[in-house]
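Undergrad:
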Amino acid sequence: MAEEESKPVPAAEDSLVKAGQVSQWLAENGFEHEFLEPDKNGVEIIKVEPDFLLPTATALYAYGFNYLQFQSGIDLGPGQDLVSVYHLIKVGDNADKPEEVRVKVFLPRENPVVPSVYWIWKTADWQERESYDMFGIIYEGHPNLKRILMPEDWVGWPLRKDYISPDFYELQDAY
Numbered sequence: 067m068a069e070e071e072s073k074p075v076p077a078a079e080d081s082l083v084k085a086g087q088v089s090q091w092l093a094e095n096g097f098e099h100e101f102l103e104p105d106k107n108g109v110e111i112i113k114v115e116p117d118f119l120l121p122t123a124t125a126l127y128a129y130g131f132n133y134l135q136f137q138s139g140i141d142l143g144p145g146q147d148l149v150s151v152y153h154l155i156k157v158g159d160n161a162d163k164p165e166e167v168r169v170k171v172f173l174p175r176e177n178p179v180v181p182s183v184y185w186i187w188k189t190a191d192w193q194e195r196e197s198y199d200m201f202g203i204i205y206e207g208h209p210n211l212k213r214i215l216m217p218e219d220w221v222g223w224p225l226r227k228d229y230i231s232p233d234f235y236e237l238q239d240a241y
């Protein structure tokens, strides 16, 4: 009985996630990133390493994404990464259906540091402060990175999934 050589089975064409228009443009222009599966609305999601966020964000701004609609953090769970997420849109004459893209930066839980995009989109100011306040993500280069919702002396990051709420709350300067 002769041994048959095993041959790789090609994946079905429909099962592959195809890079979107923005991802293709970034790749053509030499910007390192990974294309993730689009969200439920079909919006492109791009994964970028922290070191490549500023060049990629600058390129996306030059490409026409002139508005940071939303920035926030995500905690993938205890012991897992934190994610800084950016929702970008092109604001222009086509107000009914503007082009959108999502950018995700995965950060180690122990040292979640990423460059601030404040100098590209000013709307990142309070949004990055909120992500810092709630998740402990440090935005290097932010002009005023301090707590925005919690008192300055608050210990911990309340939206992390491994956060333990204190047994009591002390009201300070309430009256």
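The sequence shown begins at 67 in my numbering and counts up one residue at a time. Where is the CB? At the ideal position from N, CA and C, for every residue including glycine.
(1) From V114 to L92, what does the alpha carbon distance come to, in whole angstroms?
(2) Measure the Cβ-Cβ separation of L173 and I203 and say whether it is below 8 Å.
(3) What's the gap between the Cα of D191 and the Cα of H208?
(4) Where do the ends of the alpha helix (DSSP H) carrying F101 lie?
(5) Check each candidate in P104, L154 and S138 and name the one with the smallest Cα separation from V180.
(6) Alpha carbon to alpha carbon, how far is E166 from V151?
(7) Could you say which of R226, I111 and R168 lies nearest to K84 if we only look at CA atoms?
TA: Checking against the coordinates, here is how it stands:
(1) V114 and L92: Cα-Cα distance of roughly 11 Å.
(2) Less than 8 Å separates the beta-carbon of L173 from that of I203.
(3) Each residue's Cα considered, the two are about 8 Å apart.
(4) That residue, F101, is in no alpha helix (DSSP H); its beta strand (DSSP E) goes E100 to L102.
(5) Its Cα nearest to that of V180, the residue S138 stands out among P104, L154 and S138.
(6) One C-alpha to the other measures close to 13 Å.
(7) Here the closest residue by C-alpha is I111.
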